[in-house]
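Beneath this line is the structure, given in structure tokens, with notes to follow.
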Amino acid sequence: AAVPSQVVPGADPSARQLCFAWGPAEVLVCETLFGRRGGSPSPGEGGPGRALLPGALKGCVAGTGEGGPSSSCVFVVRKDQDIYIQTLRKLFNESHGIFIGLQRSEEELAGKSRKAQLVQVSKNYRSVIRACMEDMHQAAISTRDPALHSQYSTQVSILSAVELIWNLCEILFVEAAAAGPLLLRLLDWVRLHVCDVDNMVREVLSSENPSKHELFWNVVDVFVLQGRMDEARHLLSKEASANPTSVNMYKILDDLMKKMPVPSLGNTQTLTEMELKWQHWHEECQRYLQDGTFASNPHMESICKILLGDEDAILEKKELMTTWYHFLVTRLLYSHPTVKPMELRMDMFLGGESSPEPLDTILMAAFEFEMHQVIKECSIALSNWWFVAHLTDLLDHCKLLQSHNLYFGSNMREFLLLEYASGLFSHHSLWQLGVDYFDHCPEYGRVYLELHIERIPLNTEQKALKVLRICEQRQMHEQVRSICKIMAMKALRNNRLGSALSWSIRAKDAAFATLISDRFLKDYCERGCFSDLDLIDNLGPSMLLSDRLTFLGKYREFHRLYGEKRFSEAAKLLLMLMTAHIAPCSFWMTLLTDALPLLEQKEVIFSAEQTYELMRCLEDLTAGKSDKQKFQDDDVETMKVEMLRLALARNLARVIVKEGTLEGS
Numbered sequence: 001a002a003v004p005s006q007v008v009p010g011a012d013p014s015a016r017q018l019c020f021a022w023g024p025a026e027v028l029v030c031e032t033l034f035g036r037r038g039g040s041p042s043p044g045e046g047g048p049g050r051a052l053l054p055g056a057l058k059g060c061v062a063g064t065g066e067g068g069p070s071s072s073c074v075f076v077v078r079k080d081q082d083i084y085i086q087t088l089r090k091l092f093n094e095s096h097g098i099f100i101g102l103q104r105s106e107e108e109l110a111g112k113s114r115k116a117q118l119v120q121v122s123k124n125y126r127s128v129i130r131a132c133m134e135d136m137h138q139a140a141i142s143t144r145d146p147a148l149h150s151q152y153s154t155q156v157s158i159l160s161a162v163e164l165i166w167n168l169c170e171i172l173f174v175e176a177a178a179a180g181p182l183l184l185r186l187l188d189w190v191r192l193h194v195c196d197v198d199n200m201v202r203e204v205l206s207s208e209n210p211s212k213h214e215l216f217w218n219v220v221d222v223f224v225l226q227g228r229m230d231e232a233r234h235l236l237s238k239e240a241s242a243n244p245t246s247v248n249m250y251k252i253l254d255d256l257m258k259k260m261p262v263p264s265l266g267n268t269q270t271l272t273e274m275e276l277k278w279q280h281w282h283e284e285c286q287r288y289l290q291d292g293t294f295a296s297n298p299h300m301e302s303i304c305k306i307l308l309g310d311e312d313a314i315l316e317k318k319e320l321m322t323t324w325y326h327f328l329v330t331r332l333l334y335s336h337p338t339v340k341p342m343e344l345r346m347d348m349f350l351g352g353e354s355s356p357e358p359l360d361t362i363l364m365a366a367f368e369f370e371m372h373q374v375i376k377e378c379s380i381a382l383s384n385w386w387f388v389a390h391l392t393d394l395l396d397h398c399k400l401l402q403s404h405n406l407y408f409g410s411n412m413r414e415f416l417l418l419e420y421a422s423g424l425f426s427h428h429s430l431w432q433l434g435v436d437y438f439d440h441c442p443e444y445g446r447v448y449l450e451l452h453i454e455r456i457p458l459n460t461e462q463k464a465l466k467v468l469r470i471c472e473q474r475q476m477h478e479q480v481r482s483i484c485k486i487m488a489m490k491a492l493r494n495n496r497l498g499s500a501l502s503w504s505i506r507a508k509d510a511a512f513a514t515l516i517s518d519r520f521l522k523d524y525c526e527r528g529c530f531s532d533l534d535l536i537d538n539l540g541p542s543m544l545l546s547d548r549l550t551f552l553g554k555y556r557e558f559h560r561l562y563g564e565k566r567f568s569e570a571a572k573l574l575l576m577l578m579t580a581h582i583a584p585c586s587f588w589m590t591l592l593t594d595a596l597p598l599l600e601q602k603e604v605i606f607s608a609e610q611t612y613e614l615m616r617c618l619e620d621l622t623a624g625k626s627d628k629q630k631f632q633d634d635d636v637e638t639m640k641v642e643m644l645r646l647a648l649a650r651n652l653a654r655v656i657v658k659e660g661t662l663e664g665s
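Note that full-length UniProt numbering numbers the sequence shown so that position 174 is 174, with each residue one more than the last.
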């Protein structure tokens, strides 16, 4: 529960102010109504609160002043709002399984096997992001609510950017692609994420005569810029068929595109061989361009310049590339195909913007191999900790963050995982995922888990048992006791004595078990029977938790023996409960009353010695009362005492006669 609300320190008490109340995972912010005498707030009053918290409005509370009505808005400010978006549940749930699998994977794997394993883990994360993005896209299409459509569309854009960043980090950091394969990976990255031209490509290819379409050459240029040579050559063949005069130029250009050397993923050629082939091919392209082979066709001439890596020619097509990183990869493809990872440079165009967007900043940091800067910028730009927590964990398994410790003692991986898991604990069901994340934070994870698990609202017994099981598995004894006490108190308030006793036994709380045992005995005195017999009959060693619980268990055993007509055993147990002072003095009269049926049995149950003990107990009980208490006793109690004395005297006489007869014989 939230603590009482507090007024912002330093505020003017005569004016309307902001007040707040902290909760387990959120803070309520509202405007106070005192200090105003009604009417609408004056300029500057109330406005800042609403302006500072856009989109956080959950409801309004109305207040009334003497001069007229006024109102104040209540804002709920949550730590991680994204975890409440239903369509993101798949992202959190499925990535949790990948995370746990990574922690349990064989660390002994080394070299290529370990790297392949980590790359596969990275791809699994990306597949979850992409699946979630598809679901969000479908939700945006199907909803008729404009607000929801806007929300889903925004999330699609965010997830698309997240996958773009993750894919680049996978290429540069996790896979650590070498010179040659690096460029192929970057080309795949661009093709996967630069989709703005796909509609244009479909439009041209679906037309009756693609070579005559107004966007034909744009599509050819796109294929060339993305290194999709086979598709570009296929389109150019249509142009050659439609224009016989350009057949010769087409054949030369087609031959150049076909012979273009590309790095291979397999180690079939060395970098030196690749560079020599590329140099010869480049000189051939240069010769055809200088000879004016394509002078009569500006489109083909432009393509030849792009093949030569002419930066001006590539920049002319920047509208088709849409992003600076597309330009970067295209320029590397045609000017430096054997680029090494550390040779990537950021002197590319940014569309003339004065300051880069957050996504641009993050990608530039990745290209500069500034891993910590990537994590920092993502932490600032993204609205939750999911991305940075899982990416950092993966990079840590790649042994890339080992030297980076934070000033307060933990490492970056653990810090981000703790933040992410803390956010999960504010959700009514996702908190269960957070437990596993805390488990894999060796330094502070247990402390965080202990603090957060105590704040979980125990709405049902099923949820309480789930939390309890988690605590017991981790030997969190203090939290186990706390949960059991809370549940025992709830059950007691609802008059569910059996459940309350069960929880108190589980908590090993002797004082509370004594209190509940007293309630059981009180109920027995009022109703004449026990409730929850199954529980009391099966207390076992648990009854030793407290003297009163022991008495409750033994007293119930007395009733069971009596019900089974095992009168001698029942009598011994009853007497033991009194003489051993296990029974509370306040309950002695009830025990003595229970002895009456045994005293009146045809067969003598109590021996002379046992009868004397019962007499002594009765006298101790009556002698312990003052005259005033005796005067206040009702007639029923007085009658009970007289009946007990008579029954004891008669039983003693019967015993003496019986024992004397036995001795005489």
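Beta carbons: idealized from backbone N, C-alpha and C, even for Gly.
Determine the direct distance from the alpha carbon of residue j to that of residue i, and round the result to whole angstroms.
{"i": "K336", "j": "C285", "result": "Per the sequence shown, residue 336 should be read as His rather than Lys. Roughly 15 Å between the two C-alpha positions."}
{"i": "D255", "j": "L183", "result": "22 Å"}
{"i": "K572", "j": "C441", "result": "59 Å"}
{"i": "L611", "j": "F551", "result": "Note that residue 611 corresponds to Thr in the displayed sequence, not to Leu. About 21 Å."}
{"i": "R185", "j": "A177", "result": "8 Å"}
{"i": "H149", "j": "Q86", "result": "14 Å"}
{"i": "I516", "j": "V435", "result": "33 Å"}
{"i": "F223", "j": "K123", "result": "26 Å"}
{"i": "A242", "j": "D310", "result": "29 Å"}
{"i": "M229", "j": "E443", "result": "53 Å"}
{"i": "S379", "j": "S429", "result": "24 Å"}
{"i": "L344", "j": "N218", "result": "28 Å"}
{"i": "A232", "j": "N209", "result": "16 Å"}
{"i": "R126", "j": "K212", "result": "40 Å"}
Cβ atoms of residue j and residue i: under 8 Å apart, would you say?
{"i": "A507", "j": "C484", "result": "yes"}
{"i": "L333", "j": "G227", "result": "yes"}
{"i": "L225", "j": "L320", "result": "yes"}
{"i": "R413", "j": "D393", "result": "yes"}
{"i": "Q475", "j": "E454", "result": "no"}
{"i": "A583", "j": "L591", "result": "yes"}
{"i": "L417", "j": "F173", "result": "no"}
{"i": "K522", "j": "M589", "result": "no"}
{"i": "L276", "j": "G180", "result": "no"}
{"i": "V604", "j": "K565", "result": "no"}
{"i": "A140", "j": "V156", "result": "yes"}
{"i": "G498", "j": "L535", "result": "yes"}
{"i": "C169", "j": "L468", "result": "no"}
{"i": "A608", "j": "I656", "result": "yes"}
{"i": "H282", "j": "L253", "result": "no"}
{"i": "residue 666", "j": "T323", "result": "A query on residue 666 cannot be resolved here, the shown segment of the chain reaching from 1 to 665 and no further."}
{"i": "E461", "j": "M489", "result": "no"}
{"i": "H96", "j": "L433", "result": "yes"}
For residue i, does the three-state DSSP call read helix, strand or coil?
{"i": "N124", "result": "helix"}
{"i": "S156", "result": "The amino acid at residue 156 is misidentified as Ser; the sequence shows Val. Helix at V156."}
{"i": "N651", "result": "helix"}
{"i": "N93", "result": "helix"}
{"i": "V74", "result": "strand"}
{"i": "R36", "result": "For R36, the predicted model reports a pLDDT of 41, less than 50, meaning its position is unreliable and no value from the coordinates is stated."}
{"i": "N167", "result": "helix"}
{"i": "K411", "result": "In the sequence as displayed, the identity of residue 411 is Asn instead of Lys. Note: N411 maps to strand in three-state DSSP."}
{"i": "C398", "result": "coil"}
{"i": "C378", "result": "helix"}
{"i": "C441", "result": "coil"}
{"i": "G44", "result": "With a pLDDT of 37 at G44, under the threshold of 50, the modelled position of that residue is not reliable, and the figure given next carries that caveat. Correct three-state label for G44: coil."}
{"i": "A313", "result": "helix"}
{"i": "S546", "result": "coil"}
Determine the burial state of residue i: buried for a count of at least 16 other Cβ atoms within 10 Å of its Cβ, exposed for fewer.
{"i": "G553", "result": "buried"}
{"i": "N199", "result": "exposed"}
{"i": "A647", "result": "buried"}
{"i": "D291", "result": "exposed"}
{"i": "E357", "result": "exposed"}
{"i": "E175", "result": "buried"}
Kindly list the residues whose CB is nearer than 6 Å to the CB of residue i, restricted to its own chain and excluding five residues on each side of it in sequence; keep chain order.
{"i": "R645", "result": "none"}
Sorted by chain position, which residues of the same chain lie with C-beta nearer than 7 Å to residue i's C-beta, five sequence neighbours on each side aside?
{"i": "R202", "result": "none"}
{"i": "A240", "result": "S246, V247 and Y250"}
Quick check: does the Cβ of residue i come within less than 7 Å of any heavy atom belonging to the ligand SAH?
{"i": "I362", "result": "No copy of the ligand SAH occurs in the structure displayed, which carries no ligand at all."}
Within its chain, find whatever has a CB closer than 8 Å to the CB of residue i; leave out the 5 residues flanking it on each side and keep chain order.
{"i": "K340", "result": "A178, A179 and L182"}
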